[in-house]
Amino acid sequence: MPMRHVPLLVLAAGQRCGSTLVQRLLTSHPEVLIWGEHDGQVDRVLEAGEGLLAWSADAGHIAREEFERHAYQGWMANLIPDTDRILDSLRRFVEALYAEPAAALGRPIWGFKEVRYGPSEVRRLHRLFPDLAVILLVRDPRDVLRSLDEWERWSRGIWTRERTKLTVEHWQRLARSFLPGTAFDPVPVLRLRYEDVVNDPALTCEIVGKHTGLDPHAFDRAVFAKRVHVEEPIARFGRDLREWEGLPDSLRQLLAPPELRRIANAWGYDI
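Below, the structure is given as structure tokens:
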């Protein structure tokens with residue numbers, strides 16, 4: 038039986054890249070629960086933990102030696118638990134947040150999806166969970182922009198042009214970070230293009246199953262038949278996507294930078 042990876046991270050090159058579809062596919066497995074986005078806040082805790090680890094290894098190490106030799110009569114100003122204790126605390130924080138409630142629902146295989154994380158965030162999590170596996174989604178940036186254009190027009194000012202620009206910048210940064218051929222050893226990273234995912238659901242299930250150690254036949258392929266792009270009841274109104282050629286020049290120009298085009302081409306998108 039193949040090794041089952043826990044946790045499972047579903048990442049994407051920004052929003053509108055199909056990460057929710059893969060989140061739903063994995064969660065259709067009766068033993069899996071993939072939690073949703075958290076605005077990148079979990080990594081803020083882990084990043085703060087790195088500061089604690091550095092302090093513990095330096096000033097804390099000296100203070101622990103002092104305390105061991107002289108107890109309260111020594112220089113204990115910087116006394117802090119050792120790095121193993123800090124790592125264990127960070128691990129238990131993530132497990133209490135995600136693993137325990139998933140297990141309480143009868144789903145022992147857990148993870149989350151996030152559209153803001155790159156290699157540094159992945160490595161911080163991998164330090165805590167060495168059996169972690171990553172699935173990375175990327176999508177043709179033209180279709181990402183078409184979807185964001187719809188959000189701009191229908192969100193009544195909630196989704197602004199500035200947010201669209203930031204999302205395109207995220208796409209460029211994250212798509213570059215996870216370019217095909219980039220090594221992330223020992224972290225297993227499965228790179229998927231959204232277009233390939235939806236064009237061949239059976240193959241997608243096989244690939245995802247092999248990567249995660251899950252039985253691909255336990256996935257419910259019906260998730261591919263139902264597009265879920267927003268919450269109810271807004272979804273009832275249907276989509277209003279404009280074709281790429283119909284987008285205003287001010288939007289199309291967001292994909293004009295040569296570096297972005299180079300990255301897109303490396304992913305197989307000829308823009």
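When you read off a place in the sequence shown, starting at 1, and then add 37, the result is the number in the numbering used here. Note that CB positions come from ideal geometry on N, CA and C, so glycine has one too.
Euclidean distance between Cα positions of residue i and residue j
i	j	result
Lys-150	Arg-276	24 Å
Arg-179	His-75	26 Å
Met-113	Lys-247	51 Å
Ile-71	Gly-250	15 Å
Asp-233	Arg-41	24 Å
Phe-48	Ile-117	As written in the sequence, residue 48 is Leu, which differs from the Phe given in the question. Roughly 34 Å separates the two Cα atoms.
Ala-56	Ala-96	The amino acid at residue 56 is misidentified as Ala; the sequence shows Ser. Computed Cα separation, rounded: 42 Å.
Leu-227	Ser-184	24 Å
Arg-144	Gly-155	26 Å
Ile-308	Val-175	15 Å
His-98	Leu-134	30 Å
Trp-281	Glu-243	32 Å
Arg-298	Glu-199	20 Å
Arg-153	Glu-105	43 Å
Ala-262	Ser-157	35 Å
Pro-167	Gly-283	47 Å
Pro-223	Phe-215	14 Å
Ala-220	Gln-110	50 Å
Thr-201	Trp-208	11 Å
Arg-258	Asp-237	11 Å
Arg-190	Phe-256	35 Å
Gly-73	Pro-294	31 Å
Residue i burial status per 10 Å Cβ neighbour count (16 or more: buried)
i	result
Ser-93	buried
His-66	buried
Ile-172	buried
Arg-61	buried
Ala-139	buried
Arg-273	For Arg-273, the predicted model reports a pLDDT of 47, less than 50, meaning its position is unreliable and no value from the coordinates is stated.
Ala-301	buried
Ala-85	exposed
Val-79	buried
Ile-195	exposed
Tyr-231	buried
Leu-142	exposed
Arg-53	buried
Gly-333	Limits of the chain in this structure are 38 at one end and 308 at the other, which puts residue 333 out of reach.
Val-245	buried
Glu-296	exposed
Val-82	exposed
Pro-285	exposed
Val-235	exposed
Pro-44	buried
Unbroken beta strand (DSSP E) run spanning residue i, endpoints
i	result
Val-69	69 to 72
Gly-51	Neither: Gly-51 is in no beta strand (DSSP E) and is coded neither H nor E.
Ile-172	170 to 175
Glu-132	Premise fails: Glu-132 is in no beta strand (DSSP E) and is neither H nor E.
Residue of the options minimising C-alpha distance to residue i
i	options	result
Asp-177	Ser-126, Tyr-306, Ala-50, Asn-115	Tyr-306
Leu-127	Ile-244, Leu-48, Leu-165, Pro-295	Leu-165
Val-59	Glu-87, Asp-125, Thr-241	Thr-241
Val-181	Arg-279, Asp-80, Val-47	Arg-279
Thr-64	Pro-253, Arg-289, Leu-292	Pro-253
Ile-146	Gly-218, Arg-299, Glu-68, His-207	Glu-68
Gly-148	Ser-184, Glu-132, Asp-125, Gly-218	Glu-132
Leu-90	Gly-73, Leu-124, Arg-298	Leu-124
Arg-7	Gln-110, Leu-46, Arg-193	In this structure the chain extends from 38 to 308, so residue 7 is not present and cannot be described.
Leu-291	Asp-222, Ala-262, Val-205, Leu-229	Val-205
Leu-288	Asp-186, Phe-261, Pro-294	Asp-186
Thr-21	Gly-111, Gly-88, Gly-73	For residue 21 there is no data in the structure shown, the boundaries of the chain being 38 and 308.
Trp-304	Leu-211, His-107, Trp-188	Leu-211
Range of the contiguous alpha helix (DSSP H) that encloses residue i
i	result
Trp-92	78 to 92
Trp-188	178 to 191
Phe-149	Element bounds for Phe-149: not the alpha helix (DSSP H) but the beta strand (DSSP E), 146 to 151.
Phe-104	98 to 107
Gln-60	56 to 64
Arg-41	Segment: none, Arg-41 is in no alpha helix (DSSP H) and carries neither H nor E.
Leu-162	156 to 165
Pro-138	137 to 141
Distance cut-off 8 Å: residue i Cβ against heavy atoms of the ligand NAD
i	result
Glu-84	No copy of the ligand NAD appears in this structure; indeed no ligand is present at all.
Continuous alpha helix (DSSP H) assignments of at least 4 residues falling wholly in the segment 239 to 303:
286 to 289, 295 to 303
Kindly provide the ranges of any beta strand (DSSP E) runs that are 3 or more residues long and lie completely inside the segment 200 to 230, ordered along the chain.
If we require 3 residues or more, the beta strand (DSSP E) runs fully inside the segment 200 to 230 come out as 226 to 230.
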